[in-house]
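Protein chains in written order, with the numbering used here: chain A, 1 to 198; chain B, 199 to 568. Positions of the beta carbon are idealized from the N, C-alpha and C atoms, including for glycine. Quantities reported herein were computed from a predicted structural model and do not represent experimental measurements. Input: a single structure, listed below in structure tokens.
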Amino acid sequence: MKNKILMGLTAIAMVAILASCGKKPQVEIDATNAAIEAAKAAEANVYLPDEFAAVQDSMNAIMADIETQEGKLFKKFGDVKEKLASTSALANELASKVAGKKEEVKAEAETLLNDIKTVLAENSKLVPKLPRGKEGAAVIEQIKADLSNVDAAVAEAQTAYDNGAFMDALNKIKAAKAKADGLNTEIKEALTKARIRF
Amino acid sequence: MGKPWWHILFLSGIAIIITLIVFLLFYPVPPPPVSEMKYALETLALARENEADKYSNELYREACVFYDSAMTNWKSENERFIYKRNYDKVVAFAELSSKMALQASETSLNNSTNLKINLQENLKELESLIKKINNSFHAYPLTYEVRNNISIGKMLARESRVAFNERNYLLAEEGIVKSKSLLTSSYDYANAHLRSYFKLYPQWKMWIDSTIAISHENHDYSIIIDKFSHMFFVYLDGEIISEFIAELGENWIGDKKRRGDKATPEGMYKIVKKIEDDSTGYYKALLLDYPNAEDTVNFRREIEKGSLSSKARIGEKIEIHGEGGRGADWTSGCIALRNREIDSVYMFVSIGTPVTIVGSMYNLRQALNR
Chain A
1 MKNKILMGLT
11 AIAMVAILAS
21 CGKKPQVEID
31 ATNAAIEAAK
41 AAEANVYLPD
51 EFAAVQDSMN
61 AIMADIETQE
71 GKLFKKFGDV
81 KEKLASTSAL
91 ANELASKVAG
101 KKEEVKAEAE
111 TLLNDIKTVL
121 AENSKLVPKL
131 PRGKEGAAVI
141 EQIKADLSNV
151 DAAVAEAQTA
161 YDNGAFMDAL
171 NKIKAAKAKA
181 DGLNTEIKEA
191 LTKARIRF
Chain B
199 MGKPWWHILF
209 LSGIAIIITL
219 IVFLLFYPVP
229 PPPVSEMKYA
239 LETLALAREN
249 EADKYSNELY
259 REACVFYDSA
269 MTNWKSENER
279 FIYKRNYDKV
289 VAFAELSSKM
299 ALQASETSLN
309 NSTNLKINLQ
319 ENLKELESLI
329 KKINNSFHAY
339 PLTYEVRNNI
349 SIGKMLARES
359 RVAFNERNYL
369 LAEEGIVKSK
379 SLLTSSYDYA
389 NAHLRSYFKL
399 YPQWKMWIDS
409 TIAISHENHD
419 YSIIIDKFSH
429 MFFVYLDGEI
439 ISEFIAELGE
449 NWIGDKKRRG
459 DKATPEGMYK
469 IVKKIEDDST
479 GYYKALLLDY
489 PNAEDTVNFR
499 REIEKGSLSS
509 KARIGEKIEI
519 HGEGGRGADW
529 TSGCIALRNR
539 EIDSVYMFVS
549 IGTPVTIVGS
559 MYNLRQALNR
């Protein structure tokens, strides 16, 4: 009889232990969130947006897994912990990759900036050669206005570059380059039409 | 002999506990909304993949909010006693989130496709407007503000083309809207200005016909200057025998109103003096009888109307002279030719040769299509 009682009590104790053994891995969750925040602070969302979104998706899925386990009588967070560790590692990797990508964008922006400056210098040299036909002053005035607007666009891009906003700078530089090239074509067309060598 | 009462009580207690445990183990626990939440997450990822965050932002945001609400509810339900949990709200939010995300996905695909088509059309329209402005107003004396607006408008159009080619439709749209507004207002302004100027065309036509008729009747030379095309025509017996490019006053559009306005006058004039070498600073010059009687009457009328200051003075000394070929409208109202051109004109003409200056020899449509 005594044994039966003891067995019953043991069974109750086991149920209680099993029900409470899986604890929410709060430390790992916090660590992963911190890694994601660090990647965001490193501008992973700007320079590697797809990879960053994938990490965020993983975290969302993990949070859903955690709630699934939280809903169970017997919780198991082993899998979740593994997933958190790998997501955390991914976020850390992303943060370290951002620097490389940033350098790439910076280099591209720098090259384009130099290209634009070359085009702008050429444009400035070509303007005085523009045909002085019947259209004269008005055309030159228009081209001068265009040149000054391209200069302003380049200055804006340069400011973004100097402030370290390389992605923003790159986009602005691309647009400014298109403007400078367009103007260069316009000037060259006018010169060719007037049979002026340049 | 029966068992002692405490023995019975103890066994009953054990039986109750076991029953309770069995009941707890086998009582249906509300199933967690795992599949609904997973589906919601998948649809959200799909929506983002379809750029719903850009092209159907409102629906996408709503889907995200519903998902967050589902998660919050799920968490709070999980904190309750297991048999008291109710995931109905969680499921409802998750389903709403999926529904919204799917809608956002579809809307985004439709919106981006439609936007692409619209932007393509808008860019074409914009580029054709730029062409029109270039053709009609390239050499037109516009204000600095209008010219600058045209320049910025053109730049924005180029920027939009780059953004469009890079599939950055929202940026392209923003640029197109700004560019369109600048270019359309500039074009409308220039066009209205030009149309209003060409309202004088019937009068110009009369002057032209009359000048050509005089040349024809007198078998003599006449000169017609077309300001819009910057052309200088020499007529003999009513036929053009020479034509040159003329450079005009800086503000050549419109009639001359007063001294110093740098406008070239419009009207029927005559050469009153031929000037050579030291007497002119411009190689050779043919002085016109500006202001004539009509100019004087018009000037006085403007003063009376108050559109000119009472201190304004009427212009004078309008000449056809040399030192032209600078490629700009640079005179204070005179007509400048190249020296070799003024040489030949100087030979043909004499005192009294008619010189008619008009805005254009052609009507607006013809002038723009030339």
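Continuous alpha helix (DSSP H) stretch holding residue i: start and end
i                         : result
valine 119 of chain A     : 78-126
lysine 471 of chain B     : No alpha helix (DSSP H) holds lysine 471 of chain B; the beta strand (DSSP E) holding it covers 465-474.
arginine 70 of chain A    : Inspection of the sequence shows that residue 70 of chain A is occupied by glutamate rather than by arginine. Run containing glutamate 70 of chain A: 49-70, per the alpha helix (DSSP H) assignment.
lysine 454 of chain B     : Taken as a continuous stretch (DSSP letters only), lysine 454 of chain B belongs to no alpha helix (DSSP H), as it is neither H nor E.
tyrosine 367 of chain B   : 367-395
tyrosine 281 of chain B   : Run containing tyrosine 281 of chain B: none; DSSP gives neither H nor E here.
alanine 42 of chain A     : Where alanine 42 of chain A is concerned, there is no enclosing alpha helix (DSSP H), given that its DSSP letter is neither H nor E.
proline 231 of chain B    : Where proline 231 of chain B is concerned, there is no enclosing alpha helix (DSSP H), given that its DSSP letter is neither H nor E.
isoleucine 219 of chain B : 203-224
tyrosine 399 of chain B   : 399-416
serine 358 of chain B     : 342-363
alanine 565 of chain B    : 562-567
threonine 462 of chain B  : Where threonine 462 of chain B is concerned, there is no enclosing alpha helix (DSSP H), given that its DSSP letter is neither H nor E.
threonine 494 of chain B  : 491-503
Residue i: contacting residues in chain B (beta-carbon distance under 7 Å)
i                        : result
threonine 68 of chain A  : Pro230 and Val232
alanine 153 of chain A   : Met353
glutamate 141 of chain A : Arg345
alanine 53 of chain A    : Arg246
Within chain A, partners of residue i - CB distance below 7 Å
i                         : result
tryptophan 203 of chain B : Going along chain A, no residue has its Cβ under 7 Å from tryptophan 203 of chain B, so there is no contact; the nearest lies around 16 Å.
methionine 235 of chain B : Ala64
arginine 259 of chain B   : Result: empty, since nearest Cβ-Cβ is about 15 Å, beyond 7 Å.
isoleucine 214 of chain B : The contacting residues do not exist; isoleucine 214 of chain B stays about 11 Å from chain A at best.
asparagine 276 of chain B : Glu67, Glu70 and Gly71
tryptophan 272 of chain B : Glu67
arginine 356 of chain B   : Ala178, Lys179 and Gly182
Residue i vs residue j beta-carbon contact at 8 Å
i                         : j                            : result
serine 377 of chain B     : alanine 355 of chain B       : yes
isoleucine 406 of chain B : valine 556 of chain B        : yes
isoleucine 280 of chain B : valine 227 of chain B        : yes
serine 570 of chain B     : phenylalanine 335 of chain B : No answer is possible for residue 570 of chain B: the residues shown for chain B start at 199 and end at 568.
glutamate 521 of chain B  : alanine 534 of chain B       : yes
lysine 24 of chain A      : glutamate 70 of chain A      : yes
leucine 381 of chain B    : leucine 327 of chain B       : yes
tyrosine 481 of chain B   : isoleucine 540 of chain B    : yes
glycine 447 of chain B    : threonine 529 of chain B     : yes
isoleucine 116 of chain A : lysine 172 of chain A        : no
serine 306 of chain B     : alanine 245 of chain B       : yes
leucine 392 of chain B    : leucine 257 of chain B       : no
lysine 129 of chain A     : isoleucine 196 of chain A    : yes
alanine 39 of chain A     : leucine 120 of chain A       : no
isoleucine 549 of chain B : lysine 472 of chain B        : yes
alanine 268 of chain B    : leucine 242 of chain B       : no
Residue i, enclosing beta strand (DSSP E) - first and last residue
i                            : result
phenylalanine 335 of chain B : Per DSSP, phenylalanine 335 of chain B belongs to no beta strand (DSSP E); it is in the alpha helix (DSSP H), 286-335.
leucine 485 of chain B       : 482-486
methionine 429 of chain B    : 429-434
glutamate 275 of chain B     : Run containing glutamate 275 of chain B: none in the beta strand (DSSP E); it sits in the alpha helix (DSSP H), 255-276.
Chain-ordered chain B contacts of residue i [CB-CB under 8 Å]
i                         : result
glutamine 26 of chain A   : In chain order: nothing, as chain B lies at least about 13 Å away.
asparagine 33 of chain A  : Within 8 Å Cβ-Cβ: nothing; asparagine 33 of chain A doesn't reach chain B, min ~14 Å.
aspartate 146 of chain A  : Ser349, Lys352 and Met353
asparagine 149 of chain A : Asn346, Ser349, Ile350 and Met353
Proximal residues of chain B, C-beta to C-beta of residue i below 9 Å
i                         : result
asparagine 123 of chain A : Within chain B, no residue comes near asparagine 123 of chain A; the closest Cβ sits about 13 Å away, beyond 9 Å.
glutamate 189 of chain A  : Simply none; closest approach about 11 Å.
aspartate 57 of chain A   : Leu239, Leu242, Ala243 and Arg246
asparagine 45 of chain A  : Those within 9 Å of asparagine 45 of chain A in chain B number zero; the least Cβ separation is about 12 Å.
Within chain A, partners of residue i - CB distance below 9 Å
i                        : result
arginine 538 of chain B  : Neighbours of arginine 538 of chain B on chain A: none; closest Cβ ~16 Å, over 9 Å.
valine 227 of chain B    : Gly71, Lys72 and Leu73
glutamate 372 of chain B : Those within 9 Å of glutamate 372 of chain B in chain A number zero; the least Cβ separation is about 12 Å.
Bridge partners - residue i, DSSP secondary structure assignment
i                        : result
alanine 534 of chain B   : B:Glu445 and B:His519
valine 553 of chain B    : B:Ile421 and B:Tyr467
serine 440 of chain B    : B:Val432
threonine 529 of chain B : B:Gly447
Contact list for residue i against chain A, beta-carbon separation under 8 Å
i                       : result
arginine 457 of chain B : By Cβ distance, chain A contributes nothing, its closest Cβ being about 22 Å from arginine 457 of chain B, past 8 Å.
According to a CB-to-CB cut-off of less than 8 Å, which residues of the stretch 62-93 of chain A neighbour chain B? Met63, Ala64, Glu67, Thr68, Glu70, Gly71, Lys72 and Leu73
When Cβ atoms are compared, which residues of the stretch 161-187 of chain A fall closer than 7 Å to chain B? Lys174, Ala175, Ala178, Lys179 and Gly182
Identify each residue in the stretch 375-394 of chain B for which the Cβ-Cβ distance to at least one residue of chain A is less than 7 Å, and report them in chain order. none
Note down, in chain order, all residues in the stretch 320-331 of chain B with a beta-carbon under 9 Å from any beta-carbon belonging to chain A. none
Under 8 Å, CB to CB, which of the residues in the stretch 103-117 of chain A have a partner in chain B? none
Residues of the stretch 493-515 of chain B in Cβ contact with chain A at a cutoff of 7 Å, in chain order, please. none
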